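What follows is a single structure, written as structure tokens, with notes after it.
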Amino acid sequence: METRILNTDEEGIRTAGAIAASGGLVAFPTETVYGLGANAYNDEAVERIYEAKGRPSDNPLIVHIADKAEINKLAAEVSENALKLIDAFMPGPFTVILKKSGSIGGAVTAGMDTVGIRFPENDTAQRFIRAAGVPIAAPSANLSGKPSPTEARHVIDDMSGRIDAILDGGSCSVGVESTIVDASRGIPVVLRPGGITYEQLTAVVPETIIDPHILESLGEGEKPLCPGMKYKHYAPNAEVTVVEGGMAEVKNKIDELLEQNRDKVCGVLTMSGNAYDSAVILCAGTTNRDYAKNLFSCLREFDRLGAEVVFAEFEERDGYGLAVRNRLYKSAAQRVIYV
Ligand code: TXA
Ligand code: MG
């Protein structure tokens, strides 16, 4: 299959919308990461998403809308807390989980009785969804297990030949995925930290809690609320190790690790002015917000540069720290050294 690269001009958007409406797969930019979209009402098209990504079929997709009125069609009930969150954070980097209505097929929700709904803020995303004229089911547009794409070229690298089109809308401003909040049963629970911070959520619904599994790996036989939690994620080719703590101690530890790995191509992902010898160094930025924006593209860049092992500096500095830590720990398969 030839994958068309489309511009975000009128014609590009119209073409992308028509492809999606008629059952094709279109990758599109959002403020978080690129999504791989299909008509959410077309189960056959949705199944092709799982195939193109190599995604396990028990991992449900988020439904993207460009009009809040769609929520009442997709969801069976919207609680008062859900309504507050929707009012505060849609459009934006936020996904709400609600009890689903009968309008959405089993392929999108992987057989669950709930549906994740997201109204992206990104203008291209909104224009694309409106042009399609239907809600768009979309996961991140990476091959399953790889870092999420934050630029069109990342999608081209992973998806060329596997999907119908890619809408090139430049780089994503947030860089990590949406914050997912389950508001389908009582107290809202954060299932995945992301572009909306916990502080922002509790300012609107103070009783909101965080699922403890966000930063841990699951125990044997444990069943997560968010099926995606149990799969390998965000992994570059290199073996990643997170070194977390004060930056002086982090520097000493990474120097020691570089010494031990002298025979390998080493990379260091920094968030300080620390300098390192004999390593490929990429800076993610000094705030957690910048770290979030640059993390996935840095992981992909380490692959391009042939890094075999990567040491990632990390320190929690602002409200985006939780989202960065969650992605970093997963990309490192929970290899974390606290100093
Ligand atoms: O920012 C984002 O959310 C991006 C952009 C493209 O919108 N999308 C995204 O989709 O990250 P994906 O499929 O890569 O991650 C969605 C996560 C998965 O871990 C999935 O298990 C979970 O959301 N999820 C989807 N529907 C759910 C549901 N009904 N209940 C619980 N978790 C759900
Ligand atoms: Mg994903």
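The working numbering numbers the first residue of the sequence shown as 835 and each following residue consecutively.
Glycine included, each C-beta is placed from N, C-alpha and C at the ideal position.
These numbers were taken from a predicted model, which means no experiment stands behind them.
Check, Outcome
"Going by C-alpha to C-alpha distance, which of I1021, E865, Q1094 and Y1163 sits closest to S1005?", "E865"
"Does the Cβ of I1043 have 16 or more other Cβ atoms within 10 Å, making it buried, or fewer, making it exposed?", "exposed"
"Please tell me whether, using a cut-off of 6 Å, the distance from the CB of P894 to the nearest non-hydrogen atom of the ligand MG is below it.", "no"
"Return helix, strand or coil for T1031, following the three-state DSSP convention.", "coil"
"Can you tell me where the alpha helix (DSSP H) holding R1159 begins and where it ends?", "G1155 to S1165"
"Cutting at 6 Å between CB atoms, please list the residues of its own chain near F1136, excluding the five before and the five after it.", "P1070, A1072, G1101 and V1144"
"Please tell me whether, using a cut-off of 6 Å, the distance from the CB of M946 to the nearest non-hydrogen atom of the ligand TXA is below it.", "yes"
"Please output, in chain order, the residues near the ligand MG using a CB cut-off of less than 6 Å to any non-hydrogen atom of the ligand.", "P973, S974 and S982"
"Grab me the residues of I1088's own chain with a C-beta within less than 8 Å of its C-beta, minus the 5 sequence neighbours each way, in chain order.", "V1077, V1102, N1108, Y1110, F1145 and E1147"
"Would you kindly report the start and end of the unbroken alpha helix (DSSP H) that includes Y884?", "D877 to K887"
"Please state the DSSP three-state secondary structure of G939.", "coil"
"Using only the alpha-carbon positions, how far apart do V867 and S982 sit?", "6 Å"
"For Y1172, report the span of its beta strand (DSSP E) as first-last.", "V1170 to Y1172"
"Taking the continuous alpha helix (DSSP H) assigned at K1098, which residues delimit it?", "Neither: K1098 is in no alpha helix (DSSP H) and is coded neither H nor E."
"Report the three-state DSSP secondary structure of R1117 (helix, strand or coil).", "Strictly speaking, residue 1117 in this sequence is Cys, with Arg absent from that position. Note: C1117 maps to strand in three-state DSSP."
"Which residue comes first and which comes last in the alpha helix (DSSP H) that contains K902?", "Looking at the DSSP string, K902 is not in any alpha helix (DSSP H), and its letter there is neither H nor E."
"If you draw a straight line from the alpha carbon of V1023 to that of G1080, how long is it in whole angstroms?", "30 Å"
"Which two residues bound the contiguous beta strand (DSSP E) that contains A975?", "From DSSP, A975 is part of no beta strand (DSSP E); its letter is neither H nor E."
"In whole angstroms, give me the CA-to-CA distance for I963 and I1000.", "14 Å"
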